Amino acid sequence: MEVDPLAQANTNESTALNSSSSSMTTTPENNLGDRPNEEQELYPIAILVDELKNEDVQLRLNAIRNLSTIAMALGPQRTRDELIPFLSEGIDDEDEVLLAVADELGHFADYVGGPEFVHYILAPLENLASVEEVLVRDKAVESMNILVKLLSPFQITNYFLPLLKRLSNAEWFTGRISACGLHAAGYAKCTAEQQSELRTSFAQLIQDDTPMVRRAAAKALSNFSKELTPQLLVTSILPLFLKLTTDDQDTVRLLTVEDLVQIAKILSPEEFRQCLLPTLKSLGQDKSWRVRYNVASHFTELCEATGEAITAEEKLVLFLSLIKDSEGEVKILSIGQASAFSKMIEKTVVVEKILPCFKELVTDTNQHVRAAVATNISGFAPILGKDRTIEYLLPLFLQLLKDDFPDVRLNIISNLEAVNQASQLGIGFFDDKLLNLCLSWLGDAVFSIRDAATTNFKKLVDIFGHDWAKDTILPRITGMAHHENYLYRMTTLFALTTMAVSLTPEIIRDKVLPTVIGLVEDPIPNVRFNVAKSLEVLTPILKQNPDTAQLVSTKVNEALQKLSQDSDVDVKWFAEKAILLGI
């Protein structure tokens, strides 16, 4: 009967010393007592074992994260002979601890003596690759893939390939899932015969009876295909890939989209058209929206990978089917790909085929679809240019800006400055068509809209310049300071404070400061403490110019001193803070 290492670590040290000659069955843990200076050498492992037994998960995690320190104390030989076997046999813990072990072992090569001895680490990782928790398995596979790069052909043959065979033929599906992610790592170091066996093994996993294994194989196929020559890809993997694309589980089929991108990069245009074009069309029209969703998600990647293998017309047909999909999530992903795809086709096609779809989507019943349109429609401006933007996009902008759903308005507002900059609409056009609408956002019932509007005005000042700000926008904003609704007065302060960093000290003096100070005696405390916050921002700007710096010690200081005597505690606090920082 083996002695429990946890029990042994907790025995009296003298008992441990006296038991070295006992007739116990030899285990990695028992070996800890069979060496000179045993009391000192036992200590690191004993502490590890003791902490791994602790009820506190955090202490157990700390013990695992100190494995490298313990290994350094033991040295490579004892790490290989005692610590690694202990990790292989002695750990049965919570997933969080096992995950930490799997992570640590991936960086353990130096502690076992370097690449020559890396194969020792594979044993505990093999055990971890078979546990039930997916995160632990994935981390174990990740660590093994790191270590396999260090293995010699001899180690590949005698240690890694037998391990991979055991996992691939494991009775429990978890081992077979992990095996899928290990085939690519050692392929290049194998002999031609071994590579053939790996292809056969991977083919068996692709055809596994368990959907989870087939899913893992589909996920790993992309990396495995990178290791193959185009000829082997066509003869060995392509038939299996096509089988996955028709799998009865949509969770398997959807993963083949990413594989398709990788395979398209390897095959010639002629081979792709002959072998995979029908498959791509089929996936784009799959009965499962999840599969179509994944096609939409990778659409531009597919277009780039396939190149001339698919004509522009064929790509357009597929894209239009996705952007008109009955499922909102598919439409949203397609909308996100639209501007990138439009750069690959003629402008006339964009105007005649893509924009009409967006015109319909602007009134889509799904508010999240409309929000996606508002987010992405600005991407068309640099493609279309000024004239076409005014003709085709502006009506859509205006319609979206009036949408009842706040996120739609917010998204279009946040991107309006980019549209103007990209298409160079100009000051005159903005003042004529958009200024009043932009000003109306400052009074929106939703704070995020008002906040976005103030940020938008700052960006517009950066584009149109100080004169435009002084003559056009500031008079309109400062006029709101007298509005009977206190929210408008607060928004005035927000807007002026946000724009201040883009204005000159002179404009601050003439146009901004009088309005801010004019609200010092506002009846609403929230307005008054925002005056203090605003003055805190304006102070360093005024100090930039000697002609305006004196205002800090006069008008600004007088206003803050008055606010610091306010009856409201918040007003006093912000005023005192501004005085401390600014004066």
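For our numbering, add 1123 to where a residue sits in the sequence shown, where the first one is 1.
Glycine included, each C-beta is placed from N, C-alpha and C at the ideal position.
Quantities reported herein were computed from a predicted structural model and do not represent experimental measurements.
Would DSSP call residue i helix, strand or coil?
i     : result
H1491 : helix
T1627 : coil
I1433 : coil
T1333 : coil
N1499 : helix
E1469 : coil
W1295 : coil
G1237 : coil
V1485 : coil
V1679 : helix
H1306 : coil
C1398 : helix
G1451 : helix
C1480 : helix
V1254 : coil
L1351 : coil
T1379 : helix
F1442 : helix
T1358 : helix
E1249 : helix
S1690 : coil
C1426 : helix
E1607 : coil
N1177 : coil
D1725 : Absent from the model: residue 1725. The displayed extent of the chain is 1124 to 1706, so no value can be given.
H1242 : helix
S1391 : coil
D1204 : helix
Measuring straight from C-alpha to C-alpha, what distance separates residue i and residue j?
i     : j     : result
L1425 : E1320 : 31 Å
L1560 : K1509 : 20 Å
T1434 : A1311 : 35 Å
S1291 : T1333 : 13 Å
H1628 : L1533 : Correcting the residue type first, residue 1628 is Pro in the shown sequence and not His. The alpha-carbon atoms of P1628 and L1533 are separated by roughly 31 Å.
K1366 : A1252 : 27 Å
P1208 : E1294 : 24 Å
K1525 : S1571 : 15 Å
K1695 : K1685 : 9 Å
G1236 : K1388 : 40 Å
T1276 : A1307 : Sequence check: residue 1276 is Pro here, not Thr. When rounded, the distance between both Cα atoms is 15 Å.
L1222 : F1617 : 48 Å
A1428 : Q1385 : 8 Å
I1329 : L1197 : 43 Å
A1463 : T1423 : 7 Å
A1343 : Q1317 : 19 Å
H1491 : D1382 : 29 Å
L1516 : R1573 : 23 Å
L1557 : L1703 : 41 Å
A1682 : N1668 : 20 Å
L1305 : Q1397 : 30 Å
Under a Cβ-count criterion, where at least 16 other Cβ atoms within 10 Å of its own Cβ denotes burial, should residue i be classed as buried or exposed?
i     : result
G1298 : buried
D1448 : buried
T1486 : exposed
S1563 : exposed
S1391 : exposed
M1603 : buried
G1588 : exposed
G1407 : buried
S1690 : exposed
R1338 : buried
D1555 : exposed
S1676 : exposed
R1188 : exposed
D1567 : buried
The alpha helix (DSSP H) that contains residue i, what's its start and end?
i     : result
F1283 : First-last for F1283: undefined, no H or E at that position.
Q1181 : V1180 to R1188
C1561 : L1558 to W1564
S1211 : I1207 to E1212
V1584 : F1570 to F1587
K1262 : V1257 to V1271
D1373 : D1373 to R1376
K1410 : Looking at the DSSP string, K1410 is not in any alpha helix (DSSP H), and its letter there is neither H nor E.
F1520 : L1517 to L1524
L1222 : D1218 to L1228
T1369 : Neither: T1369 is in no alpha helix (DSSP H) and is coded neither H nor E.
A1504 : A1504 to R1511
Measure from the C-beta of residue i to each C-beta in chain D and report whether the shortest distance is under 8 Å.
i     : result
I1477 : The question asks about chain D, but that chain is absent: this structure has only one protein chain.
Enumerate, from N- to C-terminal direction, the unbroken beta strand (DSSP E) stretches of 3 or more residues contained entirely within the stretch 1612 to 1677. none
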